[in-house]
Amino acid sequence: MDDKETLHRYLRTQRASLLSKLDGLDEYQIRRPMTSTGTNLLGLVKHVASVELGYFGEVFGRPPDRELPWFADDAEVNADMWATPDETRDEIVALHTFSATHSDATIEALPLDAVGDVPWWGDKSRVTLHQMLVHMCVETARHAGHADIVRELIDGAVGGRPDDPNIPSIDWPAYRERLESAARQAGSTA
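First residue of the sequence shown? That's 7 in this note's numbering, and the numbers climb one at a time after it.
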């Protein structure tokens, strides 16, 4: 596998991981703000789809045929980080699919050294497809990690799938209590 194929495979894997966190949850659960800053699962999917369209669309002169009203000058701050009651799960997932398809076409059409321009990056706006692939792998993985924790807070689900071999089968409450005890002990000696 060459570098472009490797990066593209990792991006696809992270996209799928992020989307999988919606599986089995109802409308309230996928929209529920689980942190003090409002982080929620459907908002993470909406955000990643939105920024990916920008990085693999506008940046390389391949703008998508789709308006994203949450990026308009008069849009509410952070409007790409949550779904309004009128925005459905299906619409956000369809946006994610559209974004991935559009991005995949850009990635497949251009060489890694293709040059683009990220106007919102100021004096570091000149980039290559290689940089954008690395950037979106990191961006998507970061938000997939947020989604992992948000999903665990919602219903206790952990890992990439129910039978994930990377998740040990242990007594989680006892394990957590052991960590809490170790933290308290370390905190009392600091």
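Every residue gets a Cβ at the ideal spot worked out from N, C-alpha and C, and that includes glycine.
Helix or strand or just coil, what does DSSP make of residue i?
{"i": "R132", "result": "strand"}
{"i": "D123", "result": "strand"}
{"i": "K10", "result": "helix"}
{"i": "T41", "result": "coil"}
{"i": "D177", "result": "coil"}
{"i": "L139", "result": "helix"}
{"i": "T19", "result": "helix"}
{"i": "P75", "result": "helix"}
{"i": "D29", "result": "coil"}
{"i": "E64", "result": "helix"}
I need the straight-line Cα distance from residue i to residue j, nearest angstrom please.
{"i": "R95", "j": "E82", "result": "20 Å"}
{"i": "A153", "j": "F104", "result": "20 Å"}
{"i": "D110", "j": "R15", "result": "11 Å"}
{"i": "L47", "j": "E93", "result": "14 Å"}
{"i": "A106", "j": "G193", "result": "45 Å"}
{"i": "L118", "j": "P125", "result": "20 Å"}
{"i": "L17", "j": "V57", "result": "13 Å"}
{"i": "A189", "j": "E183", "result": "10 Å"}
{"i": "S175", "j": "R167", "result": "14 Å"}
{"i": "I173", "j": "D9", "result": "29 Å"}
Pick out whichever of the options has its Cα sitting closest to the Cα of residue i.
{"i": "P75", "options": "G67, L101, R68", "result": "L101"}
{"i": "R68", "options": "D86, D170, L116, R167", "result": "L116"}
{"i": "G63", "options": "A120, D8, P174", "result": "A120"}
{"i": "L13", "options": "A150, K130, I113, A192", "result": "I113"}
{"i": "H45", "options": "D29, W178, L159, Y181", "result": "Here residue 45 turns out to be Thr, not His, going by the sequence shown. Ranking the options by Cα distance to T45, first place goes to L159."}
{"i": "D71", "options": "L59, D79, Q137", "result": "L59"}
{"i": "N84", "options": "G49, M138, V65", "result": "G49"}
{"i": "T2", "options": "Q191, E97, F66, V156", "result": "Any property of residue 2 remains undetermined from this structure, which presents the chain solely from 7 to 196."}
{"i": "L28", "options": "E186, V99, D123", "result": "V99"}
Provide the residue span of the alpha helix (DSSP H) that contains residue i, from first to last.
{"i": "V4", "result": "Missing from the structure shown is residue 4; the chain here goes from 7 to 196 and no further."}
{"i": "D96", "result": "95-115"}
Would you be able to state if there are at least three C-beta pairs under 8 Å between the segment 83-91 and the segment 40-55?
yes
### Task
Please confirm if the segment 145-161 is in contact with the segment 12-32, defined as three or more CB-CB distances below 8 Å between the two stretches.
yes
Three Cβ pairs or more, each shorter than 8 Å: is that satisfied between the segment 131-145 and the segment 26-44?
Touching, no, given that fewer than three Cβ pairs across the two stretches are closer than 8 Å.
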